[in-house]
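Trainee: FYI, the numbering for the sequence shown is 1 to 482, going by this note's numbering.
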Amino acid sequence: MDKRKKAGIILAVILGTGGLLYLGGILGQLIAGYRAWLGGNGMSGEIVMKPPDWNLLVCIRHAFTLNGLKGISAAIVLGAVVILYVKFHDKFDGNEYDPRGFKKSKTGTYGTATWMSEKELKEIMEVTTPAKAEGVILGEYEGKTVCMPKDTRLNRHIAIFGASGTMKSRAVIRNALFQALKRGESVVITDPKAELYNDTAQMYRNAGYEVRVYNLVNPEHGDSWNCMSDLHGNTLMAQMLTNIIIGNTSNGKGDHFWDNGEGNLLKALILLVDLDPSRSPETKHLPAVYQMLTRNTERQLTALFEKLPLDHPARAPYNLFAQSSDTVRSGIIQGLGTRLQVLQNREVQGITSRSDIDLAALASKRCAYYIILSDQDTTMAFLSSLFFSLMFIKLTRYADARPGGHCDIPVNLILDEFNNIGRIGGAADGSDFARSLSVIRSRDIRVMMAVQSLGQLQNRYGNNLWAEIIGNCVRPEVASAI
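Shown next as structure tokens:
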């Protein structure tokens with residue numbers, strides 16, 4: 001014990017003893033006065049209780065009298081009662097002291113949430129060594145890996161929140177890719193910087209996976225995908241394609257009048273190209289739709305549609321467009337041409353005019369599809385939105401057609417920089433994606449999405465849809481300490 005600490009203890013003992021004697025002297029005087037007052041017949045007598053003398057020397061002298069010793073004893077007993085009350089109060093009033101400096105109520109008045117015990121953790125999670133871990137890695141506990149069990153009935157959708165530089169890709173997403181490979185499951189990865197493709201694509205190839213890359217940054221270095229290849233005259237699918245393109249090519253302040261007019265014209269052109277018997281399947285694609293729009297005048301387009309049978313699916317949307325005035329029709333054509341002007345690029349025409357990527361194959365064999373998209377602009381957002389929207393539909397239909405009602409190979413959608421994908425689904429408010437999350441889990445389709453902040457998700461999916469999305473996910477927070 002150092003000298004300063006020893007001196008502090010001695011000083012505390014001296015002051016404590018002095019204070020106790022002083023208090024005992026005051027109490028001793030009060031006891032003596034009270035006894036004298038009782039001896040003089042109390043209230044009916046003539047003796048009046050004198051107040052204690054507060055002088056230090058007088059109090060210490062009275063502390064060593066019989067009454068003073070009684071006062072000291074009373075002070076000691078009272079102090080002990082106070083100490084015991086403070087020490088055991090929480091145990092008797094339903095509160096528990098937390099080492100972090102606050103009390104936790106045991107009554108449940110303010111909720112009953114608490115930290116999971118080790119026993120509870122092992123009952124619902126897989127706690128094992130990294131080499132034996134098979135499920136999605138959620139964290140670490142006492143040197144062991146904590147995973148969501150491979151065959152768990154828990155929700156497997158995961159939402160990750162973390163600003164730039166918090167190592168979301170390194171700490172969570174890469175581990176998810178490794179674990180999916182370990183389980184032999186298909187993966188679809190959004191990869192804004194192409195880093196994940198460069199680091200993991202060969203790993204999947206070596207494991208026998210079919211690896212494809214849909215490159216929306218450098219289209220000449222990727223595979224192709226034709227969003228109209230499976231349309232086959234389905235008007236609902238044509239409507240969904242139209243909604244996605246219009247919704248993801250607006251500036252956020254779109255006018256419903258012009259949006260609806262351009263949507264009707266686009267849907268009519270899509271159905272016209274798709275149902276044209278003179279075209280081979282290889283010539284039915286978005287570039288053909290754009291060429292139909294730009295290579296024909298309004299009068300020529302009208303002539304083409306008037307030749308169609310009255311019950312042709314393309315007639316109804318075109319008739320709605322044609323009912324507008326000449327000036328409005330001209331504005332609609334120019335507006336739609338501007339929306340689709342990205343299709344003027346030959347490289348974009350190349351990746352949208354044929355299909356190297358089979359979306360349904362994800363559910364039947366081991367595949368790894370990388371979607372390289374820009375994190376700087378949204379020019380190609382409607383293509384990535386189309387890709388994922390149709391993927392959800394095709395995977396769901398495949399699972400529903402199987403005897404067990406789920407994919408033969410589980411599919412993991414690992415969506416880094418989720419907000420750069422564009423709005424998924426044909427609904428204008430984005431509700432299609434929120435609805436899909438709640439139904440695809442049972443079909444062995446899992447979604448892991450990473451965004452930089454909750455506000456970012458709220459901006460993309462308003463009207464409390466963001467809350468519905470998070471409600472369908474396990475939500476680990478990613479901090480810069482990782």
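Positions of the beta carbon are idealized from the N, C-alpha and C atoms, including for glycine.
Computed from a predicted model, the values in this text were never measured in an experiment.
My guess is that phenylalanine 321 and glycine 261 are in contact by the Cβ rule of under 8 Å, so how many angstroms apart are they, rounded?
Mentor: Contact flag correct, Cβ pair sits at about 6 Å.
Trainee: Quick one, are the C-beta atoms of glycine 68 and glycine 39 less than 8 Å apart?
Mentor: Not a contact, by the Cβ cut-off of 8 Å.
Trainee: Starting from the N-terminal side, write out each stretch of the beta strand (DSSP E) that is 3 residues or longer and does not extend beyond the segment 377 to 462.
Mentor: With a minimum length of 3 residues, the continuous beta strand (DSSP E) runs that stay inside the segment 377 to 462 are 411 to 415 and 445 to 451.
Trainee: For arginine 366, is the classification buried or exposed, using 16 other Cβ atoms within 10 angstroms of its Cβ as the cut-off for buried?
Mentor: Label assigned to arginine 366: buried.
Trainee: Have a look at the DSSP bridge pairing and note the partners of valine 82.
Mentor: For valine 82, which the question treats as bridged, DSSP gives no partner whatsoever.
Trainee: Starting from the C-beta of asparagine 248, find all residues in its chain whose C-beta is less than 7 Å away, skip the five residues before and the five after it, and write them out in chain order.
Mentor: These residues qualify, in order along the chain: Ala381, Phe382, Ser385, Gly422 and Arg423.
Trainee: Residues in its own chain within less than 8 Å of alanine 7 by CB, not counting five upstream and five downstream?
Mentor: Contacts found: none.
Trainee: Can the beta-carbon of valine 172 be found less than 8 Å from the beta-carbon of lysine 144?
Mentor: Not in contact: valine 172 and lysine 144 (Cβ atoms no closer than 8 Å).
Trainee: With a CB to CB cut of under 6 Å and the five nearest residues on each side skipped, what residues in its chain are close to alanine 133?
Mentor: These residues qualify, in order along the chain: Thr145 and Cys147.
Trainee: Is isoleucine 160 helix, strand or coil by DSSP?
Mentor: Correct three-state label for isoleucine 160: strand.
Trainee: According to DSSP, is serine 186 part of a helix, a strand, or is it coil?
Mentor: Strand at serine 186.
Trainee: Just the C-alpha distance for phenylalanine 88 and glycine 18, rounded to the nearest angstrom, thanks.
Mentor: If you take the alpha carbons of phenylalanine 88 and glycine 18, they lie about 28 Å apart.
Trainee: Which residue wins for smallest C-alpha separation from arginine 339, given the options Arg435, Leu30, Thr378 and Lys104?
Mentor: Per the Cα distances, Thr378.
Trainee: Excluding the 5 residues flanking isoleucine 445 on each side, which residues of the same chain have their C-beta closer than 6 Å to its C-beta?
Mentor: Here the set comprises Leu395 and Val411.
Trainee: So is isoleucine 393 buried or exposed if we call it buried at 16+ other beta carbons inside 10 Å?
Mentor: With 16 or more other Cβ atoms within 10 Å, it is buried.
Trainee: Which term fits arginine 295, buried or exposed, when burial requires 16 or more other beta carbons within 10 angstroms of its beta carbon?
Mentor: Looking at its Cβ environment, which holds fewer than 16 other Cβ atoms inside 10 Å, arginine 295 is exposed.
Trainee: Can you list, in chain order, the residues of its chain with a C-beta nearer than 8 Å to that of glutamate 220? Leave out the 5 residues immediately preceding and following it.
Mentor: Answer for glutamate 220: Glu347 and Gly350, listed in chain order.
Trainee: Is it right to say glutamine 179 is buried, meaning 16 or more other beta carbons lie within 10 angstroms of its own, or is it exposed?
Mentor: Answer is buried; the Cβ neighbour count reaches 16.
Trainee: DSSP on lysine 307, reduced to helix/strand/coil?
Mentor: Lysine 307: coil per DSSP, three-state reduction.
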